[in-house]
Amino acid sequence: MSVVETWVSEDTGGVPRTDAASRVRARRPWAAAFGRLVRSELGLIAGRRRNQVGLLILAAVPLILGIAVWYTAPPADAGGPPFFSSITQNGMFIAMTALIVQMPLFLPLAAAALSGDAIAGEAGSGTLRYVLTVPVGRIRLLLAKYLAALVGLFIGVLVIAVTGVITGLVLFGSGPVLTLSGFELTYAEGLMRVGAAVLYTTAALAAVLAIGILISTLTEQPIAAMIAVVVVTMSMQILTTLDQLAWLHPYLIAHHWLASIDLFREPVFTEGMVDGLWVFATYVVIALGLAMWRFRTKDITS
59 MSVVETWVSE DTGGVPRTDA ASRVRARRPW AAAFGRLVRS ELGLIAGRRR NQVGLLILAA
119 VPLILGIAVW YTAPPADAGG PPFFSSITQN GMFIAMTALI VQMPLFLPLA AAALSGDAIA
179 GEAGSGTLRY VLTVPVGRIR LLLAKYLAAL VGLFIGVLVI AVTGVITGLV LFGSGPVLTL
239 SGFELTYAEG LMRVGAAVLY TTAALAAVLA IGILISTLTE QPIAAMIAVV VVTMSMQILT
299 TLDQLAWLHP YLIAHHWLAS IDLFREPVFT EGMVDGLWVF ATYVVIALGL AMWRFRTKDI
359 TS
């Protein structure tokens, strides 16, 4: 018997291991269980009909937007929001415009739906007790649900961007991208900035999702959790319009979630996005921390 074959892991009770992969699995069995749980949650999210319909709605917005602009074909100097007037110059702006249009309502609504299903939905349907039999513990279960929902939101944002880019390419073609500052970018540089906008938008939704997960641990009614998340996000948007509360604006998620517009300026204004990322991270840490404390002590009765 070789040296490798006689190797025995200390954490497997004397069971021989013959390869490095087996040693890693033996030392970290919880990692494999956590990974399976995340994949299982992703499968549940992808399999729900309402999530599939929601994804189609998210994808339909840039398509409808592109067709509407192509059909009306306003001149570039016709005025209006900068991104709308820039679409006819380069179709890539359809992707950015679609993200901006959907950020105030549709994307937070998607985060509300996913977070409501995560805990409250399981409790309301009476399956949460069975889910807790998975040997990863309540905290890891909560984190797995959060991670799976965040991946689902990232896919939704990515679908919006990809649909917008493809629609713009078909209707308006490719070519140099004229930024809001009047400088030209190559098409590849434009794609990279759209990709950065996707990541930034996902970061904003991560904060909304964390709030939703916290609310989801406080109730067993998924609809109530969804409505509460929508009320919170809409309230933040309303507060950002009140000049009397200007001191509060920098601490609100809604104040920062459209800062990705600065990606299409030259040079890129990074200050707003950096501030936004700090705010998003703070909400995630606080909301998830409270959610883990609540879920760990929650009496699961259904």
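So the sequence shown is numbered by my numbering: it starts at 59 and just counts up by one.
Beta carbons are placed, not taken as given, at the ideal position from N, Cα and C, and that holds for glycine.
No experiment lies behind these values; they were computed from the predicted model shown.
Between the C-alpha atoms of residue 261 and residue 268 there is a straight-line separation of about 11 Å. Here DSSP, grouped into helix, strand and coil, assigns residue 180 to helix. Under DSSP, residue 242 shares a beta bridge with 236. Counting C-beta atoms within 10 angstroms of its own C-beta, residue 294 has 16 or more neighbours from the protein chains shown and is therefore classed as buried.
Beta-carbon to beta-carbon, residue 228 and residue 153 are separated by about 13 Å, too far to satisfy the 8 Å threshold. Put simply, the stretch 286 to 303 does not touch the stretch 210 to 227. Fewer than three CB pairs are less than 8 Å apart. Of all alpha-carbon atoms in 218, 103 and 353, the one lying nearest the alpha-carbon of residue 205 is that of 103.
Residue 149 sits in coil when the DSSP states are folded into three classes, being neither helix nor strand.
DSSP, reduced to helix, strand and coil, places residue 162 outside both helices and strands of the structure shown, so it counts as coil.
Buried is the label assigned to residue 256, since at least 16 other Cβ atoms lie within 10 Å of its Cβ. Residues of the same chain with a CB within less than 7 Å of the CB of residue 290, apart from the 5 flanking positions on each side, are 269 in chain order.
Rounded to whole angstroms, the Cβ separation of residue 218 and residue 157 is 6 Å, and the two are in contact under 8 Å.
A residue is called buried once 16 or more other Cβ atoms fall within 10 Å of its Cβ, and residue 308, having fewer, is exposed. Note that the C-beta distance between residue 280 and residue 174 is below 8 Å. CA-CA distance, residue 248 to residue 323, rounds to 11 Å.
When the beta-carbon positions are compared, residue 272 and residue 345 come within less than 8 Å of each other. By the neighbour-count criterion, in which 16 or more other beta carbons inside 10 Å mark a residue as buried, residue 274 falls on the buried side. Rounded to the nearest whole angstrom, the C-alpha separation of residue 164 and residue 196 is 30 Å. Less than 8 Å divides the Cβ of residue 117 from the Cβ of residue 221.
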